[in-house]
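A short worksheet on the structure shown next.
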Amino acid sequence: MSRAGAGDRAPLPAPADRPERPDMLDLGGVEARRRRRRVRAFEAAVFVPVLLALALLATLFFDVITDSFSWQVIAPHNSGRSFAFAEGFAFHRTWENVVRLELLAQGRTPEEADALLADPEARRLFAARNRVELMPWVDGLPLRWLVTSSRDDHVADLPLFEGVGRRRELLASAEPGQVVLLNAWLDWSFFLKNASRSPAMAGLLPALVGSLMLIALVILLAVPLGVGTAVYLEEYAGDTPFSRLVELNLSNLAGVPSVVYGILGLSVFVRLLGLGPVILAGALTLTLLVVPVVVVAAREAIRSVPDSLRQAAYGLGATRSQVVFRVVLPGAVSGITTGVILAVARALGETAPLLVIGAAAFVPRPPAGPLSPFTAIPIQVYNWVSENDVEFTHVASAAIVVLLLVLGVLYSLAFYLRRRYESRW
Amino acid sequence: MTDTAGIPAETVRTAPVPPEESALVITGLSLWYGGYQAIHDVSLTVPRNQVTALIGASGSGKSTLLRSINRMNDLVEGVRVEGSVTYDGVELYGPDVDPVEVRRRIGMVFQKPNPFPKSIYENVAFGPRLMGFRGDMDALVERALREAALWDEVEDKLRSSGLGLSGGQQQRLCIARALASDPSVILMDEPTSALDPIATDRIERLIDDLKRDYTVLIVTHNMQQAGRVSDRTAFMHLGRLVEEGPTDLIFTNPKHELTERYVSGRFG
Numbered sequence: 006m007s008r009a010g011a012g013d014r015a016p017l018p019a020p021a022d023r024p025e026r027p028d029m030l031d032l033g034g035v036e037a038r039r040r041r042r043r044v045r046a047f048e049a050a051v052f053v054p055v056l057l058a059l060a061l062l063a064t065l066f067f068d069v070i071t072d073s074f075s076w077q078v079i080a081p082h083n084s085g086r087s088f089a090f091a092e093g094f095a096f097h098r099t100w101e102n103v104v105r106l107e108l109l110a111q112g113r114t115p116e117e118a119d120a121l122l123a124d125p126e127a128r129r130l131f132a133a134r135n136r137v138e139l140m141p142w143v144d145g146l147p148l149r150w151l152v153t154s155s156r157d158d159h160v161a162d163l164p165l166f167e168g169v170g171r172r173r174e175l176l177a178s179a180e181p182g183q184v185v186l187l188n189a190w191l192d193w194s195f196f197l198k199n200a201s202r203s204p205a206m207a208g209l210l211p212a213l214v215g216s217l218m219l220i221a222l223v224i225l226l227a228v229p230l231g232v233g234t235a236v237y238l239e240e241y242a243g244d245t246p247f248s249r250l251v252e253l254n255l256s257n258l259a260g261v262p263s264v265v266y267g268i269l270g271l272s273v274f275v276r277l278l279g280l281g282p283v284i285l286a287g288a289l290t291l292t293l294l295v296v297p298v299v300v301v302a303a304r305e306a307i308r309s310v311p312d313s314l315r316q317a318a319y320g321l322g323a324t325r326s327q328v329v330f331r332v333v334l335p336g337a338v339s340g341i342t343t344g345v346i347l348a349v350a351r352a353l354g355e356t357a358p359l360l361v362i363g364a365a366a367f368v369p370r371p372p373a374g375p376l377s378p379f380t381a382i383p384i385q386v387y388n389w390v391s392e393n394d395v396e397f398t399h400v401a402s403a404a405i406v407v408l409l410l411v412l413g414v415l416y417s418l419a420f421y422l423r424r425r426y427e428s429r430w
Numbered sequence: 003m004t005d006t007a008g009i010p011a012e013t014v015r016t017a018p019v020p021p022e023e024s025a026l027v028i029t030g031l032s033l034w035y036g037g038y039q040a041i042h043d044v045s046l047t048v049p050r051n052q053v054t055a056l057i058g059a060s061g062s063g064k065s066t067l068l069r070s071i072n073r074m075n076d077l078v079e080g081v082r083v084e085g086s087v088t089y090d091g092v093e094l095y096g097p098d099v100d101p102v103e104v105r106r107r108i109g110m111v112f113q114k115p116n117p118f119p120k121s122i123y124e125n126v127a128f129g130p131r132l133m134g135f136r137g138d139m140d141a142l143v144e145r146a147l148r149e150a151a152l153w154d155e156v157e158d159k160l161r162s163s164g165l166g167l168s169g170g171q172q173q174r175l176c177i178a179r180a181l182a183s184d185p186s187v188i189l190m191d192e193p194t195s196a197l198d199p200i201a202t203d204r205i206e207r208l209i210d211d212l213k214r215d216y217t218v219l220i221v222t223h224n225m226q227q228a229g230r231v232s233d234r235t236a237f238m239h240l241g242r243l244v245e246e247g248p249t250d251l252i253f254t255n256p257k258h259e260l261t262e263r264y265v266s267g268r269f270g
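Residue numbers (our numbering), protein chains in the order written: chain L, 6 to 430; chain C, 3 to 270.
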């Protein structure tokens, strides 16, 4: 059936020998229907993995969010009394109000309670051991305040939906003097509390501050290094053996497992430079990890600046550095920012290299500066997950929700920037 | 494959430019891209305050010649230049001449309008800012835009993006941008090839005005354009300058057969 190929130089068949040309407008024929079926089948085949990925993502979110709530039966160490919402609420002073009510319930006089609240040290101690919780379901009444203590005895801990299903059973199981409550592990105080051996009192503050300081240092180190390298490779270096070597190294570095960077950081920054396991050492290690990502993104962005603009600037008598700083970088800034944000998001989630360089397992207070020992959110999650106490899984879930939220914000920002500056020329 | 048949050994010159009128003098210029020679021993004198057109088929080296005048070719890797280009007697390829300085004195307008993605005002102010201009920028921008016959159209939107203008306006903005640096010579590389006939007409009239204050050298594919705007015309073929002279003589009475065939549209 096939016509002679051009390769073997056979003479073209005479017109009479040619196969009948099919009807060009075969719109409703068997062949067309078969073609459409194939297209639909292919579309379905590519859609299934997308659906699967979305389902998995939804499951993850559902899991960590529900896991950061639990029903608890506790034998309170404090008075065990709860207070009506209206009784305790006061804008900006709710905590003081409720604590005062609790102190009164414990039998202190109003003068004693006020004196305790006025003394900063006493307040700090009280806040370290007790938390004020808004409970949707205490004593069968909606919205009441309760002051829980790290010395409460946690009798039972039920997952969110199981607790709803076995509500009667749960309430009946509470002995006199015990309280049933829905504990929202991810509440505002979770961001403000320091680390603790008691899950109810454990907060994210040291890890959050550690992560933010890490990110700030990584940006400070990786942006000049990465953008500088990209500018050098794109605008200055010709096609020399040296620039080819740099390029080869960059693409290889981007694929090195992060643990390996951890070992590099451990031997160079922690030991050789003698920094010890501090934030700066962690930031330097993460910088090595993300610089290739920044370089690749920045080169892409620099290359997208049309050459005609460089020509225009050179034609006006710009020097090479003027062209870089007045034309190329302003034109590439959105692409570079997007790349930096994605790199930072990666640094934020990295656990292995920080574990290797020795990020601390337990950091009671937020780090003071770049030379303090530190922990970061993913490390904190890792440590909480490996704790024995079941309640720590709720704390870990709450921390994961925070991590995902921060990542979500970063990715949205990158997405927005990309859309906003997509077609400038 | 280079067919040099018919190209005269010596450029045919009609009514040479008298020395007192000459601004740019190109002498024995040859240029190589790596091993490929793009320009062969070209000598051309460009008179002051006149428009000189460079014509020739694609690949004849006219753009390359234009770009070697303000040393834009220095930016291309592997370029080698021999010969001399002088402006007012100053050798532009001299050992202590900074190409950046040359480009500040000799402005350039490109084939495709290429305004910066900045405001109209910042586009015009770009060149003066490069040189650290500290004077009255508003007045300078206005003067350049007036000279480029764009002021009336953009007067009340100086702060909006230069990319929002039409193609013809963008090209006049690029001309204003070149003028703002107060150059002595303006090089134009097919400045109207991306424009419609009406915009082309605006630019051509503008070029006619510009020669009062500037020396203009324009590369064009369009023979009618060369005829309309230029005082002198130089015809290039395969990297060689075949013939040059007053435009009316080149078009009505070309001396060389290649020129005659080109201007009458029989090749190219």
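Just so you know, even glycine gets a beta-carbon here, dropped at the ideal spot from N, CA and C.
Coarse secondary structure for residue i, derived from DSSP in three states
i, result
"A11 of chain L", "Model confidence at A11 of chain L stands at a pLDDT of 44, short of 50, so the residue's coordinates are unreliable and nothing is read from them."
"S32 of chain C", "strand"
"M3 of chain C", "Confidence at M3 of chain C is low in this model, with a pLDDT of 38, below 50, so the placement of that residue is unreliable and no value is reported for it."
"V223 of chain L", "helix"
"G270 of chain C", "Here the model assigns G270 of chain C a pLDDT of 47, short of 50, so the residue's position is not dependable and the matter cannot be decided."
"M133 of chain C", "coil"
"L197 of chain C", "coil"
"F367 of chain L", "coil"
"Q316 of chain L", "helix"
"S73 of chain L", "coil"
"L258 of chain L", "helix"
"G109 of chain C", "strand"
"E124 of chain C", "helix"
"T324 of chain L", "coil"
"L26 of chain C", "strand"
"A11 of chain C", "coil"
"V131 of chain L", "Sequence check: residue 131 of chain L is Phe here, not Val. Helix."
"T47 of chain C", "strand"
"L56 of chain C", "strand"
"M6 of chain L", "Residue confidence for M6 of chain L is low, a pLDDT of 41 falling below 50, so the modelled location carries little weight and cannot support an answer."
"L152 of chain C", "coil"
Chain-ordered neighbours of residue i on chain A, where CB pairs are closer than 8 Å
i, result
"G243 of chain L", "Of the protein chains in the structure, L and C, none is chain A."
Chain-order list of residues whose beta-carbon lies under 7 Å from that of residue i (same chain, five-residue window excluded)
i, result
"R161 of chain C", "S121 and Y123"
"H42 of chain C", "S32, G241 and R242"
"G182 of chain L", "A80 and G85"
"V349 of chain L", "I220, V223, I224 and L415"
"P5 of chain L", "This structure does not reach residue 5 of chain L, given that chain L is present from 6 up to 430, and the question cannot be answered."
"E305 of chain L", "G340"
Close beta carbons around residue i, own chain, < 8 Å, minus the five adjacent residues each side
i, result
"I200 of chain C", "G170"
"G267 of chain L", "T290, A357, P358, L359, L360, V361 and I362"
"L443 of chain L", "Because chain L here runs from 6 to 430, residue 443 of chain L falls outside it and cannot be looked at."
"P375 of chain L", "M218, L222, V283, I284, L285 and A288"
"L255 of chain L", "T234, P297, V300 and V301"
"D215 of chain C", "N51 and E149"
"V264 of chain L", "A357, P358 and V361"
"L175 of chain L", "W76, V78, A161, L163, G168 and V185"
Neighbourhood of residue i by C-beta distance below 6 Å, restricted to the same chain and skipping five residues each side
i, result
"G363 of chain L", "P282"
"I177 of chain C", "V111 and A150"
**Report entry** Ordered list of alpha helix (DSSP H) runs contained in the region 155-217 of chain L, each at least 4 residues
**Finding:** 165-170 and 172-178
Query raised in the report: Does the pairing of the region 272-290 of chain L with the region 331-349 of chain L give three or more beta-carbon distances under 8 Å?
Result: no
Query - the region 304-329 of chain L: positions lying closer than 7 Å to chain C by Cβ - result: S313, L314, Q316, A317, Y319, G320, L321, G322, A323, T324 and Q327
Report task. Inspect the CB distances between the region 21-36 of chain C and the region 74-91 of chain C and report whether three or more fall short of 8 Å. Result -> yes
Query raised in the report: When you check each C-beta in the region 72-101 of chain C against every C-beta of chain L, which residues fall closer than 8 Å?
Result: N72, M74, L77 and E79
Requested in this report: With 8 Å as the C-beta to C-beta threshold (strictly closer), list the residues of the region 155-175 of chain C near chain L in chain order.
Outcome: L165
Query raised in the report: In the region 330-348 of chain L, which residues sit with their C-beta less than 9 Å from some C-beta in chain C, listed in chain order?
Result: R331, V332, P335 and G336
Query raised in the report: Can you list, in chain order, the residues of the region 127-154 of chain C whose Cβ is nearer than 9 Å to any Cβ on chain L?
Result: F128, G129, R131, L132 and M133
Query - Stretch pair the region 202-217 of chain L + the region 373-388 of chain L: three plus CB contacts closer than 8 Å - result: yes
Requested in this report: Give the residues from the region 187-206 of chain C that approach chain L closer than 7 Å (Cβ to any Cβ), ordered along the chain.
Outcome: none
Query raised in the report: Quick one: any contact between the region 64-73 of chain C and the region 102-111 of chain C, if contact means 3 or more CB pairs under 8 Å?
Result: yes
Requested in this report: Write down every uninterrupted run of the alpha helix (DSSP H) in the region 185-266 of chain C whose length is 4 residues or greater and which is fully enclosed by it, in chain order.
Outcome: 199-212, 225-231, 249-254 and 259-265
Requested in this report: Would you list, in sequence order, the uninterrupted alpha helix (DSSP H) runs of no fewer than 4 residues that lie entirely inside the region 84-132 of chain L?
Outcome: 90-93, 99-110 and 115-123
Report task. May I ask you to list, following chain order, the residues of the region 235-264 of chain C that have a beta carbon less than 7 Å from some beta carbon of chain L? Result -> none
Query raised in the report: What runs of the beta strand (DSSP E), each 3 residues or longer, lie entirely inside the region 338-414 of chain L?
Result: none
Query - Cβ contact (3+ pairs, closer than 8 Å) linking the region 306-326 of chain L and the region 129-138 of chain C - result: yes
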